Amino acid sequence: MKFLVFIEQREGKIRKASLEALSLARKLSGGPVAAVLPGKGVTALAAELGKYGAGTVYVADRDDLALYSNKGYVGALDAATKKCSPDAVLIAATSMGKDVAPRYAARNDVSAMADVMELRVEGDRLVAWRPVYSGKARVEVDCGAAKLQIATTRPNVFAAEVDAAAGEPAVETLELGDVAPRAKVLRVETSESKELDVSEADVIVSGGRGIKGPEGWPVIRDLQQALGAALGASRAVVDAGWIDHQHQVGQTGKVVSPTLYVACGISGAIQHLAGMGTSKVIVAINKDPEAPIFKVATYGVVGDIFQIIPEFAKAVRAAKAE
Amino acid sequence: MNSLVCIAYVPDTETRIRVGADGKSIDEADVKWIVSPYDEYGLEEALKIREAKGAGTVTVLAVGPERAKTGLRECLARGADDAIWVDATGVSYLDALGTAKALAAAAKGGAYDFIWFGQKGVGYDESLVGPMFAELFGVPHVGSVIKLEVGEGKVTAHREIEGAHEVVECALPAVFTAQKGLNEPRYASLKGIMAAKKKPIAEKKLAELGVAEADPAQAKMRWRKLELPPARQAVKLIPADDPAAAGKELVRLLREEAKVI
Chain A
533 MKFLVFIEQR EGKIRKASLE ALSLARKLSG GPVAAVLPGK GVTALAAELG
583 KYGAGTVYVA DRDDLALYSN KGYVGALDAA TKKCSPDAVL IAATSMGKDV
633 APRYAARNDV SAMADVMELR VEGDRLVAWR PVYSGKARVE VDCGAAKLQI
683 ATTRPNVFAA EVDAAAGEPA VETLELGDVA PRAKVLRVET SESKELDVSE
733 ADVIVSGGRG IKGPEGWPVI RDLQQALGAA LGASRAVVDA GWIDHQHQVG
783 QTGKVVSPTL YVACGISGAI QHLAGMGTSK VIVAINKDPE APIFKVATYG
833 VVGDIFQIIP EFAKAVRAAK AE
Chain B
657 MNSLVCIAYV PDTETRIRVG ADGKSIDEAD VKWIVSPYDE YGLEEALKIR
707 EAKGAGTVTV LAVGPERAKT GLRECLARGA DDAIWVDATG VSYLDALGTA
757 KALAAAAKGG AYDFIWFGQK GVGYDESLVG PMFAELFGVP HVGSVIKLEV
807 GEGKVTAHRE IEGAHEVVEC ALPAVFTAQK GLNEPRYASL KGIMAAKKKP
857 IAEKKLAELG VAEADPAQAK MRWRKLELPP ARQAVKLIPA DDPAAAGKEL
907 VRLLREEAKV I
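Each protein sequence line maps, in turn, to chains A and B. The opening residue of the first sequence carries number 533 in our numbering; numbering runs sequentially from there. The opening residue of the second sequence carries number 657 in our numbering; numbering runs sequentially from there.
Structure follows, in structure tokens:
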């Protein structure tokens, strides 16, 4: 099966989620795969992709691709598709990937398996497991009658593995036609303080109604910083205006799968559990022993978050200092 | 300025999901259906644009079985002017491409400046249909919009990405997918509910729109098996009477047993 992997970079840095997709493609194909890398000044980044499984990197390196545009970036994917006629295309399910994949799929008269968490090859078909109903169920899917099979991979689920023996990839430059977009990104505004986004984080520390008010955040932030985590929040505290929606984890927020999820003062409404139930390890700290969060937690402490969390943060710092 | 608002009618987010008898779809017994929450932001923005301009119409569109009409009626009650229902009775599953094709075929010929979707339909959680519609309809799109400024013939949209916003200038007509934060959707008033009963719902048949994917053998994405997630292990409780000891024990377990920090 011939794979092509879409590689995302922002500000000259390749996204880890794309390396995960690339690594997965190499594993499934049993050898080097093709990758496409659009952007400005990105040619120098192509070599790095060899280590993760790229045999050929199609580069679209142009000034007018400095910022993302659907037309330009999907245009690069189209051009690479023409060059290598893939059977399967993998794209990381990031904001950019979710923008690229459906447009590219429709252009090729196919659909896509979105946000997959497991992917395997059966004969000449890709078969995936993907979460539905925000993780309240999962469904095994394939691409049915589609000739070109497309999957978007959930970040943080697949490993980005380096193959030390891998050689330098062949780099081919793509010629693109007119890519002047009708939807043009004017600028990127970084919100708050360049915070790590929950959808990309390995570790998330989340606060719920148990923090009692926005003045409770410093205690949660302290643990978040000790763990080097992203800050999450329940819907209740977002709706109460205690924090911005970008932090919300749950069915109407972000659906996440970190290695470690620490729920602080979160009771665990079904909508919240749907958003974080696939986390590898869950720690719950809540004063109510009947809180549903304890049904999904790996480790639980029934107690006052304002007493437990500072001690937890202190112990984390002590352990990390060892 | 006219808007088209495409809605999905989906199981309430509070619904407990059970696997149906065929092992590859949900058991629909006792499911309460709602307009997908993100679609509500799209509808609200369309209504606000109409109110700000003092002109234009808001049309809502859905593909689905008979119950989808209830969703359309709800949107009419909140202030939409008219609706189009694509009758998909008997089609239990339509993939994203088929859905986008059905919606695009039903919308064909309409003069819409804004075409709204939710950034995802809760349930299938694919975030595919909106941009697919844009491709099929031949218009640009901006996904995950949290703020919109309407100018002459073009708009500036703020789109949510990881830890930042992209500020996008976009020509009209265009597709926009709405993200939470865009606005606060209104509730239907009693007057609105009464008025909605008299508003027109045009009906089209999916079978007459030439959507190949309505035939399961032609679907480009299909469900093979539906499962509930594997049950998690029972929680290991750590005594809280000595907070310092509890903190240390948590760290010990995360390091030595779970090996995650």
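The beta-carbon is built from N, C-alpha and C at its ideal position, and this holds for glycine as well. Bear in mind that the values here come from a model prediction, so they are computed numbers and not experimental data.
With distances taken from CA atoms, which of the options is nearest residue i?
{"i": "A736 of chain B", "options": "B:V714, B:T726, B:T755 and B:H797", "result": "B:V714"}
{"i": "C662 of chain B", "options": "B:A762, B:W879, B:K688 and B:A901", "result": "B:A762"}
{"i": "K836 of chain B", "options": "B:A664, B:D686 and B:E696", "result": "B:E696"}
{"i": "P713 of chain A", "options": "A:M649, A:V834 and A:D596", "result": "A:D596"}
{"i": "V824 of chain B", "options": "A:Y590, A:L599, A:Q783 and A:I817", "result": "A:L599"}
{"i": "A816 of chain A", "options": "A:G745, A:R639, A:K744 and A:I736", "result": "A:I736"}
{"i": "L910 of chain B", "options": "A:V787, A:L805 and A:L759", "result": "A:L759"}
{"i": "D668 of chain B", "options": "B:E707, B:G698 and B:G727", "result": "B:G727"}
{"i": "A697 of chain A", "options": "A:E580, A:K614, A:Q541 and A:P842", "result": "A:E580"}
{"i": "R657 of chain A", "options": "A:M649, A:A669, A:V673 and A:Y665", "result": "A:V673"}
{"i": "G766 of chain B", "options": "B:I705, B:G777, B:A733 and B:P829", "result": "B:P829"}
{"i": "V665 of chain A", "options": "A:G676, A:L622, A:T784 and A:K827", "result": "Note that residue 665 of chain A is Tyr in the sequence shown, not Val. Ranking A:G676, A:L622, A:T784 and A:K827 by Cα distance to Y665 of chain A puts A:T784 first."}
{"i": "D743 of chain B", "options": "B:K757, B:K860 and B:E840", "result": "B:K860"}
{"i": "V891 of chain B", "options": "A:I825, A:S799 and A:T791", "result": "A:I825"}
{"i": "P790 of chain A", "options": "A:A691, A:V751 and A:S799", "result": "A:A691"}
{"i": "R880 of chain B", "options": "A:V659, A:A576, A:L577 and A:G807", "result": "A:V659"}
{"i": "K810 of chain B", "options": "B:P796, B:S681 and B:I817", "result": "B:P796"}
{"i": "I888 of chain A", "options": "B:D897, B:E912 and B:R908", "result": "With chain A running from 533 to 854 in the structure shown, residue 888 of chain A is simply not present."}
{"i": "H779 of chain A", "options": "A:G773, A:V574, A:A765 and A:A702", "result": "A:A765"}
Pop quiz: residue i and residue j are said to be a contact at Cβ under 8 Å. What is the actual Cβ separation, rounded to whole angstroms?
{"i": "G819 of chain B", "j": "D647 of chain A", "result": "No, G819 of chain B and D647 of chain A are not in contact; Cβ-Cβ is about 19 Å, not under 8 Å."}
{"i": "A790 of chain B", "j": "V831 of chain B", "result": "4 Å"}
{"i": "G739 of chain A", "j": "G667 of chain A", "result": "Their Cβ separation, rounded to whole angstroms, is 20 Å, which puts G739 of chain A and G667 of chain A out of contact at 8 Å."}
{"i": "S601 of chain A", "j": "V711 of chain A", "result": "7 Å"}
{"i": "G835 of chain A", "j": "A902 of chain B", "result": "7 Å"}
{"i": "G786 of chain B", "j": "G799 of chain B", "result": "7 Å"}
{"i": "V848 of chain A", "j": "I690 of chain B", "result": "At roughly 41 Å, the Cβ-Cβ gap does not stay under 8 Å, so V848 of chain A and I690 of chain B are not in contact."}
{"i": "L732 of chain B", "j": "A852 of chain B", "result": "4 Å"}
{"i": "R652 of chain A", "j": "R662 of chain A", "result": "Not quite, the Cβ-Cβ distance comes to about 13 Å (not below 8 Å), so this is no contact."}
{"i": "L750 of chain B", "j": "V719 of chain B", "result": "7 Å"}
With DSSP run on the structure shown, which of helix, strand or coil describes residue i?
{"i": "P821 of chain A", "result": "coil"}
{"i": "V857 of chain A", "result": "The requested residue 857 of chain A is not part of the displayed model; chain A covers only 533 to 854."}
{"i": "Q780 of chain A", "result": "strand"}
{"i": "K757 of chain B", "result": "helix"}
{"i": "E859 of chain B", "result": "strand"}
{"i": "I682 of chain A", "result": "strand"}
{"i": "T812 of chain B", "result": "strand"}
{"i": "A834 of chain B", "result": "strand"}
{"i": "A549 of chain A", "result": "helix"}
{"i": "A592 of chain A", "result": "strand"}
{"i": "F770 of chain B", "result": "strand"}
{"i": "A853 of chain A", "result": "helix"}
{"i": "A827 of chain B", "result": "strand"}
{"i": "P841 of chain B", "result": "coil"}
{"i": "E782 of chain B", "result": "coil"}
{"i": "D695 of chain B", "result": "helix"}
{"i": "A660 of chain A", "result": "strand"}
{"i": "V694 of chain A", "result": "coil"}
{"i": "K915 of chain B", "result": "coil"}
{"i": "K876 of chain B", "result": "coil"}
{"i": "L660 of chain B", "result": "strand"}
{"i": "Q889 of chain B", "result": "coil"}
{"i": "A850 of chain B", "result": "Checking the sequence shown, residue 850 of chain B turns out to be Met, not Ala. In the structure shown, M850 of chain B sits in a helix (DSSP, three-state: H, G or I)."}
{"i": "M788 of chain B", "result": "helix"}
{"i": "M808 of chain A", "result": "helix"}
{"i": "A900 of chain B", "result": "helix"}
{"i": "A845 of chain A", "result": "helix"}
{"i": "G587 of chain A", "result": "strand"}
Continuous alpha helix (DSSP H) assignments of at least 4 residues falling wholly in the region 603-639 of chain A:
627-639, all fully within the region 603-639 of chain A.
What residues in the region 619-636 of chain A have a beta carbon less than 8 Å from any beta carbon of chain B?
Flagged, chain order: T626, S627, M628, K630, D631, A633, P634 and R635.
Would you mind listing the beta strand (DSSP E) stretches within the region 699-728 of chain A that are 3+ residues and don't spill past its ends, in chain order?
Qualifying beta strand (DSSP E) stretches, in chain order: 702-705 and 715-722.
When Cβ atoms are compared, which residues of the region 643-675 of chain A fall closer than 9 Å to chain B?
If the cut-off is 9 Å between Cβ atoms, the region 643-675 of chain A has S643, A644, M645, A646, D647, V659, W661, R662, P663, V664, Y665, S666, G667, K668, A669, R670, V671, E672, V673, D674 and C675 near chain B.
Along the region 795-824 of chain B, what residues have a CB closer than 7 Å to any CB found in chain A?
Those would be P796, H797, V798, G799, S800, E816, I817, E818, G819, A820, H821, E822, V823 and V824, in chain order.
Members of the region 832-855 of chain B near chain A, C-beta cut-off 9 Å
Those residues of the region 832-855 of chain B placed with their C-beta closer than 9 Å to a C-beta in chain A are Q835, K836 and G837, ordered along the chain.
Taking only runs of the alpha helix (DSSP H) that begin and end inside the region 744-803 of chain A, which ones reach a length of at least 4 residues, in chain order?
If we require 4 residues or more, the alpha helix (DSSP H) runs fully inside the region 744-803 of chain A come out as 749-759 and 767-771.
Ranges of the beta strand (DSSP E) found wholly within the region 713-754 of chain B, counting only runs of at least 3:
Entirely contained in the region 713-754 of chain B, the beta strand (DSSP E) runs reaching 3 residues are, in chain order, 714-720 and 738-743.
Mind checking the region 765-799 of chain B against chain A and listing, in chain order, the residues whose C-beta falls within less than 9 Å of any C-beta there?
Residues passing the 9 Å Cβ filter: Q775, K776, V778, G779, Y780, D781, E782, S783, L784, V785, G786, P787, M788, F789, A790, E791, L792, V795, P796, H797, V798 and G799.
Give the residues from the region 819-848 of chain A that approach chain B closer than 7 Å (Cβ to any Cβ), ordered along the chain.
Of all residues in the region 819-848 of chain A, F826, V828, A829, T830, Y831, G832, V833, V834, G835, Q839, I840, E843, F844, K846, A847 and V848 have a Cβ within less than 7 Å of some Cβ in chain B.
Residues in the region 713-724 of chain A with C-beta within 9 Å of chain B's C-beta atoms, listed in sequence order?
Listed by position along the chain: P713, R714, A715, K716, V717, L718, R719, V720, E721, T722, S723 and E724.
Check distances from the C-beta atoms of the region 722-744 of chain B to those of chain A and list, in chain order, the residues that come in under 7 Å.
Residues passing the 7 Å Cβ filter: none.
Could you name the residues of the region 859-888 of chain B whose beta carbon sits closer than 7 Å to any beta carbon of chain A, in the order they occur along the chain?
Sequence-ordered contacts of the region 859-888 of chain B with chain A read A873, Q874, A875, K876, M877, R878, W879, R880, K881, L882, E883, L884, P885 and R888 [C-beta pairs closer than 7 Å].
For the region 665-686 of chain B, list every residue whose C-beta sits within 8 Å of some C-beta in chain A, in sequence order.
Residues P667, T669, E670, T671, R672, I673, V675, K680 and I682.
Using a Cβ-Cβ cut-off of less than 9 Å, list which residues of the region 802-813 of chain A approach chain B; keep chain order.
Within the region 802-813 of chain A, the residues whose Cβ lies closer than 9 Å to some Cβ of chain B are I802, Q803, A806, G809, T810, K812 and V813, listed in chain order.
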